[in-house]
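Visitor: Read in this note's numbering, the sequence shown has 288 at position 25, and its numbers run on one by one without any break.
All C-beta atoms in this analysis are idealised placements derived from N, C-alpha and C, irrespective of residue type, glycine included.
Mind looking over this structure? Questions follow.
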Amino acid sequence: MPEFSDLLVEQVRLNRAWIEKVLGATAGLAEWYRGLVLGKWNSLPRGDARVEAVYAVDSSSGLIEVSGGGVLLVTRALSLSVGGKQKRRLAVDALYPRNLMDFEHYVRLTREHLEHLVALDSLDEDPRFVLVDGSLYGRMIHVLKDLDLEDREDFMFTYVETYSSFLREALNRGVTVVGVSKDSRSTLFKEEVLKEEVVRVARENGVDVSELLALWAWLKRRPREVLKEVRKRASSGLYPARIYELFEEARSSTPDSKILLYARPGEGYTTPLLLKISKVQAGQIEVALDESVGDQVEKLGRFFSKSRDKMGEEFEEKVKALVSMLKEYPPVATFYAILGHGDDPIRVDVVSRELQELGVAKNSLALDSSKFISSDVKGITGVISLLRSMYAGVKDYNILLMEADRRVKITERSLEIYRGILMKELGAYFLPSRGERRVHYP
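This is the structure:
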């Protein structure tokens with residue numbers, strides 16, 4: 264049969280259960296989540312905000328292969344105001360990408376790093392809001408380790424320093440930073456909703472909440488062991504069966520965006536979560552930000568061995584400075600919003616002075632306390648009104664961010680121009696790879 268269609272039909276029938284799990288939900292699961300989601304769903308605030316003093320930040324990158332296995336990485340970032348003012352940054356990097364996984368990670372980090380630099384530049388224009396394409400919280404929890412790229416091993420130190428500087432300066436100036444993600448795979452909302460349900464069921468049935476939440480805290484790191492223990496307790500009658508169901512669903516990789524689609528809540532937004540990092544991932548281990556400096560240096564040293572060799576005696580001071588900057592990361596309010604009928608949810612992260620003050624108050628709360636905050640906390644409704652004002656339908660979820668994306672995107676035409684400039688500037692030193700030489704000339 265043409266296009267291997269007979270094999271496609273065979274595979275779909277063979278793997279129907281898995282495919283349907285990803286594409287949609289059973290009626291029972293959809294209804295189950297609908298009840299949980301609607302309990303955290305809020306109507307959009309009335310009225311739109313005036314769109315002024317707003318900058319949108321985005322970036323793009325392109326690769327030019329050269330002979331001998333090297334590549335030139337061109338990265339550019341743009342901060343664009345409503346009135347058309349621009350702040351621009353561009354970086355050119357020459358590398359031998361021995362480790363492709365680390366190289367791809369470096370490309371993403373470099374784009375975000377340039378976004379932070381150009382966002383810093385835009386603060387000089389006294390905006391009220393800076394919109395960033397992507398998650399603010401996600402940038403705080405990158406895994407800390409050496410990059411297997413020559414002379415870029417310690418790039419994470421530079422990355423954290425710049426991001427920390429941008430957020431600190433924005434807060435000092437009273438600027439609200441908003442991260443907007445169209446395609447989020449986060450499960451934070453789902454996990455918190457399920458955790459609240461676990462606590463509710465436990466209290467109704469006289470189950471020790473602190474003991475149960477201790478198991479919950481280990482679920483991500485040791486899912487098989489935790490589920491086995493919870494199943495055993497449920498089978499013996501110590502726990503209601505509902506608790507095991509909640510643990511099992513929390514372990515699944517179903518993202519927040521999918522459960523919102525299951526629930527079909529209509530236009531509105533979820534009650535925000537307030538997130539603050541207390542630990543970071545270094546390689547395969549966690550480093551608590553409140554543990555001793557000696558332990559932090561020892562743990563980070565295991566995964567920054569090349570950086571340690573490169574920095575020498577300065578390494579310990581660099582680690583202390585790194586941890587200090589991580590501790591200074593402000594709290595982030597994160598929520599999902601559906602701005603138009605039939606549209607997909609967008610994830611929104613917010614950093615502001617008001618949330619920073621609220622974060623200090625939340626720090627002393629107990630383990631079983633919720634990360635959810637009031638849906639109308641000062642600043643959140645203003646951000647939603649701003650996003651509604653910049654919403655132009657399913658294909659144009661934010662007109663300013665999309666225009667920044669259009670202007671900054673590196674196209675094939677852009678790379679053609681850059682190749683010509685590089686050939687002119689570098690002359691004999693710039694020799695494209697064999698494939699490039701077939702079609703590109705000085």
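Express the C-alpha separation of S568 and L407 in angstroms, rounding to a whole number.
Guide: 12 Å
Visitor: Pull up the distance between the alpha-carbon of L628 and that of K348, whole angstroms please.
Guide: Confidence is the limiting factor: at L628 the pLDDT is only 45, short of 50, which leaves the residue's position unreliable, though a coordinate-based value still follows. Computed Cα separation, rounded: 44 Å.
Visitor: Name the DSSP bridge partner or partners of V614?
Guide: V440
Visitor: Across the segment 562 to 581 and the segment 658 to 665, are there enough close Cβ pairs to call them in contact, namely three or more that are closer than 8 Å?
Guide: Too few Cβ pairs lie closer than 8 Å, so no.
Visitor: List the residues that DSSP assigns as beta-bridge partners of E328.
Guide: V334
Visitor: If you reduce the DSSP assignment to three classes, tell me which class K542 lands in.
Guide: strand
Visitor: Does DSSP put S342 in a helix, in a strand, or in coil?
Guide: strand
Visitor: Give the single residue among E413, V464, L380, D519 whose Cα lies nearest to the Cα of L501.
Guide: Of E413, V464, L380, D519, the residue nearest in Cα terms is V464.
Visitor: Among I327, A319, I282, whose alpha-carbon lies nearest the alpha-carbon of I680?
Guide: Residue I327 holds the alpha-carbon nearest to the alpha-carbon of I680 among I327, A319, I282.
Visitor: Tell me whether S627 sits in a helix, a strand or coil according to DSSP, three-state version.
Guide: Interpretation of S627 is limited by its pLDDT of 44, a score under 50 that renders its predicted location unreliable; the figure taken from the coordinates is listed afterwards. Looking at S627 - three-state DSSP - the assignment turns out to be coil, as it is neither helix nor strand.
Visitor: Report all residues from its chain with a CB closer than 6 Å to the CB of L630; omit the five preceding and five following residues, and keep chain order.
Guide: Any reading at L630 is ruled out, since the residue's pLDDT is 47, under 50, leaving its predicted position unreliable.
Visitor: Since V543 and F510 should fall inside the 8 Å C-beta cutoff, what is the C-beta to C-beta distance between them, to a whole number of angstroms?
Guide: About 26 Å; that fails the 8 Å criterion.
Visitor: Give the list of continuous alpha helix (DSSP H) stretches no shorter than 4 residues that lie fully inside the segment 338 to 395.
Guide: Here the runs fully enclosed are 363 to 385.
Visitor: What are the uninterrupted segments assigned as alpha helix (DSSP H) that are 4 or more residues long and contained completely in the segment 536 to 595, given in chain order?
Guide: Qualifying alpha helix (DSSP H) stretches, in chain order: 556 to 566, 568 to 574, 578 to 591.
Visitor: Taking the alpha carbon of V493 as the reference point, which residue from V355, K483, S344, I506 has its own alpha carbon closest?
Guide: I506
Visitor: Looking only at C-alpha atoms, which of N468, I643, E413, K458 sits nearest to W481?
Guide: K458
Visitor: Which same chain residues, not among the five before or five after P486, have their C-beta less than 8 Å away from its C-beta?
Guide: Cβ within range, chain order: R514.
Visitor: Please decide whether L621 counts as near chain B, where near means a Cβ-Cβ distance under 8 Å.
Guide: Any reference to chain B falls outside this structure, which holds one protein chain only.
Visitor: How far does the alpha helix (DSSP H) with T534 in it extend, from its first residue to its last?
Guide: T534 -> no alpha helix (DSSP H), and no H or E assigned at all.
Visitor: Which residues does DSSP list as the beta-bridge partners of T597?
Guide: As computed with DSSP, T597 is found in a beta bridge with L536, D612.
Visitor: With H, G and I counted as helix, E and B as strand and the rest as coil, what does DSSP make of L301?
Guide: helix
Visitor: If I measure Cβ to Cβ from S648 and keep anything under 7 Å in the same chain, skipping five residues before and after, which residues do I get?
Guide: P308, G310, D311, A312
Visitor: Whole angstroms are fine: how far does the CA of R297 sit from the CA of I282?
Guide: 21 Å
Visitor: Buried or exposed: P265, going by 16 or more other Cβ atoms within 10 Å of its Cβ?
Guide: exposed
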